[in-house]
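With positions in the sequence shown counted from 1, the corresponding number in this note's numbering is that position plus 849.
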Amino acid sequence: LHTNDAPSAVSRLLELGIPPYLINATLNGVLAQRLVRTLCDKCRVRDPEANRADLAEFVKPWQINGAYRPFKPVGCVDCRMTGFRGRTGLYELLVVTEAFKATVTREPNTDALRRQAVKDGMRPLRLAGALEVAHGTTVMAEVLAATPPLQ
């Protein structure tokens, strides 16, 4: 199923005519994924212009705790002068809880489903991407291009 995020998959199933009771009886979870380019570990350098405040603004209302090691691409022979080598997955796991099932029955629109999924512990794709930026795995531009905005 092709959707922008995990909660949208449930909306898509409803649009396809699958009744809410059947979704509630059979669906255990939904995993959304996106791939972003990984910085080349041979040539990446610390990004002195990046700061934690920019990242904090990017992921509001969540917070990124722990180390903040942003890097930027340079380019070398190993990465063919692109600054990137390989890909990293960003994942969003929606676990279907009893509260989520009630939302599917009561208010089956994507925004309500997303709100309930976040209450139940779902970490949005963009937040997963921001964590990879904080760890120095990729850059913000890659995450912005690959993930839907936080709502």
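Cβ atoms here follow ideal geometry from the backbone N, Cα and C, with glycine treated the same way.
Item: To the nearest angstrom, report how far apart R893 and T875 are at their CA atoms.; Value: 45 Å
Item: For the 8 Å Cβ check, are there 3 or more pairs between the stretch 948–958 and the stretch 880–892?; Value: no
Item: In whole angstroms, what is the alpha-carbon distance linking T959 and M989?; Value: 26 Å
Item: Taking the C-alpha atoms as reference points, what is the distance between F920 and K891?; Value: 12 Å
Item: Could you pull the start and end residues of the beta strand (DSSP E) that A881 belongs to?; Value: 878–888
Item: Helix, strand or coil: how does DSSP classify G978 here?; Value: helix
Item: Do P957 and L871 come within 8 Å of each other at the CB atom, strictly closer than that value?; Value: no
Item: Between the C-alpha atoms of D927 and R918, what's the straight-line distance to the nearest angstrom?; Value: 22 Å
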